[in-house]
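To start, the structure itself, in structure tokens.
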Amino acid sequence: MPDTQGELSDEALLVQKAKEFDSETWTQIYQCYYPKIYAYLSRRLGNTNPVEDIVADVFLRAVEGIGSFSYRGTSLLAWLYRIAHNQMVDHLRRKAKLNTRPLTEEALAEIATSEDTTEGVLIRKELNAALKNLTEDQRQVVLLKFFGGLSNAEVARIIGKSEGAVKALQHRALASLRRILEAEDRCEKRL
Amino acid sequence: MRKDFESILDECIARIRTGKADVESCLREYPNYATRLRPLLEITMLLYQEPQPQPQPRERL
Numbered sequence: 016m017p018d019t020q021g022e023l024s025d026e027a028l029l030v031q032k033a034k035e036f037d038s039e040t041w042t043q044i045y046q047c048y049y050p051k052i053y054a055y056l057s058r059r060l061g062n063t064n065p066v067e068d069i070v071a072d073v074f075l076r077a078v079e080g081i082g083s084f085s086y087r088g089t090s091l092l093a094w095l096y097r098i099a100h101n102q103m104v105d106h107l108r109r110k111a112k113l114n115t116r117p118l119t120e121e122a123l124a125e126i127a128t129s130e131d132t133t134e135g136v137l138i139r140k141e142l143n144a145a146l147k148n149l150t151e152d153q154r155q156v157v158l159l160k161f162f163g164g165l166s167n168a169e170v171a172r173i174i175g176k177s178e179g180a181v182k183a184l185q186h187r188a189l190a191s192l193r194r195i196l197e198a199e200d201r202c203e204k205r206l
Numbered sequence: 014m015r016k017d018f019e020s021i022l023d024e025c026i027a028r029i030r031t032g033k034a035d036v037e038s039c040l041r042e043y044p045n046y047a048t049r050l051r052p053l054l055e056i057t058m059l060l061y062q063e064p065q066p067q068p069q070p071r072e073r074l
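Written out as structure tokens, the structure reads:
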């Protein structure tokens, strides 16, 4: 069983078996990576979108496209994140065409219920709300690296930037989150 | 070769993630950058402690 950080003990063999459509291998991939892909899309789209449907599409695309996947430097998980990102963009484009309310910025703070008042939950709510204020690239870096467990190189490939740019985005994202949380803290103290 | 701040921050984040260091040990290692590093590494800790959204059981295939 692969570990939860996407560092498979023998990923090349896993990919080879996946290319042979070995059902046990695909079950293993699904069980290992479904929670990560779900979490990524859930954070990006919020609870009001059909996240589970999009995750199902991600794995369907993966089965269809595994033949073209080349295990050289890109992990299977990073590849799945890239499919997830593309599926998310497609979903949002379809929604925009239907002229529905834009949903990309809502519900990041919906992890906790409204009745929760413990300090930890409040901090998490603030953190999730602060993530909405990052730029798209900064948010991608935070989600893929800190929540997704990807390396700088993998994040760089997914967002189409250099590793140096990922480090810079990481720095700016953390600084922005700190500023936003401090500002919120100052506001609360004034009230 | 002298490391730039972003590389030092990245190194500290990697070490915190793998459990090889904590915020205080990173600050001790780079005392000249401690003031700038501390707030960023504290946010890093918050991010790593953040629970992952979990699918509801009925949502699993």
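As you go down the protein sequences, you meet chains A and B in turn.
Take 16 as the starting number for the first sequence in my numbering and just add one per residue.
Take 14 as the starting number for the second sequence in my numbering and just add one per residue.
Note that the Cβ used here is the ideal one computed from N, Cα and C, for glycine as well.
Everything numeric in this text was worked out from a predicted model, so none of it was measured.
Item to complete: Locate the alpha helix (DSSP H) running through A:Gln31, then write down its first and last residues.
Response: Counting from 1 along the first sequence, the entry for residue 31 of chain A is found at position 16. Unbroken alpha helix (DSSP H) run through A:Gln31: Glu26 to Lys34.
Worksheet item: Does any CB atom of chain B fall closer than 8 Å to the CB of A:Arg154?
Response: The residue you call residue 154 of chain A lines up with position 139 of the first sequence. Answer no: the Cβ-Cβ gap between A:Arg154 and chain B never drops below 8 Å.
Worksheet entry | Same chain, Cβ closer than 6 Å to A:Glu160, five either side skipped, listed in chain order | Position 145 of the first sequence, counting from 1, holds the residue named residue 160 of chain A. It should be noted that the sequence gives Lys, not Glu, for residue 160 of chain A. Here the set comprises Val170.
Discussion item. With distance defined between alpha-carbon atoms, name the residue in A:Ser57, A:Lys110 and A:Asp25 nearest to A:Tyr96.
Written reply: Translated into positions along the first sequence, residue 96 of chain A becomes position 81. Of the listed residues, the one whose Cα sits closest to A:Tyr96 is A:Ser57.
Worksheet item: Closer than 8 Å, CB to CB, is B:Leu50 near chain A or not?
Response: As a first step, residue 50 of chain B must be located in the second sequence, where it is residue number 37. Not one chain A Cβ lies under 8 Å of B:Leu50.
Discussion item. Mapping the DSSP letters down to three states, classify A:Thr42 as helix, strand or coil.
Written reply: Within the first sequence, the letter at position 27 stands for residue 42 of chain A. It is helical.
Discussion item. I need the DSSP call for A:Tyr86, collapsed to helix, strand or coil.
Written reply: Stepping through the first sequence from its first residue, residue 86 of chain A is reached at position 71. Looking at A:Tyr86 - three-state DSSP - the assignment turns out to be coil, as it is neither helix nor strand.
Discussion item. Using only the alpha-carbon positions, how far apart do B:Thr1 and A:Phe36 sit?
Written reply: Limits of chain B in this structure are 14 at one end and 74 at the other, which puts residue 1 of chain B out of reach.
Worksheet item: Between A:Tyr49 and A:Val70, what straight-line distance do the alpha-carbon atoms span, to the nearest angstrom?
Response: If you number the first sequence from 1, residue 49 of chain A lands on position 34. If you number the first sequence from 1, residue 70 of chain A lands on position 55. In a straight line, the C-alpha of A:Tyr49 is about 7 Å away from that of A:Val70.
Worksheet item: Taking the C-alpha atoms as reference points, what is the distance between A:Arg109 and A:Gln102?
Response: As a position in the first sequence, residue 109 of chain A is number 94, starting the count at 1. As a position in the first sequence, residue 102 of chain A is number 87, starting the count at 1. For A:Arg109 and A:Gln102, the distance between alpha carbons rounds to 11 Å.
Worksheet item: Which chain B residues are close to A:Gln185, counting only those with a beta carbon under 8 Å from its beta carbon?
Response: By 1-based counting over the first sequence, the position of residue 185 of chain A is 170. The contacting residues are Glu19, Leu22, Asp23 and Ile26.
Worksheet item: Apart from the five residues just before and just after B:Leu74, which ones in its own chain have a Cβ nearer than 8 Å to its Cβ?
Response: Counting from one through the second sequence, the residue named residue 74 of chain B turns up at place 61. With a pLDDT of 48 at B:Leu74, under the threshold of 50, the predicted position of this residue should be treated as unreliable, though the coordinate-derived value follows. Around B:Leu74: no qualifying Cβ.
Practice prompt. Hey, could you find the ends of the alpha helix (DSSP H) B:Ala34 is sitting in?
Written response: Within the second sequence, residue 34 of chain B is the residue found at index 21, counting from 1. Counting along the chain, B:Ala34 falls outside any alpha helix (DSSP H), and DSSP gives it neither H nor E.
Worksheet item: In chain B, which residues lie with their C-beta within 8 Å of the C-beta of A:Arg58?
Response: In the first sequence, counting from the first residue as 1, residue 58 of chain A sits at position 43. Correct list: Pro66.
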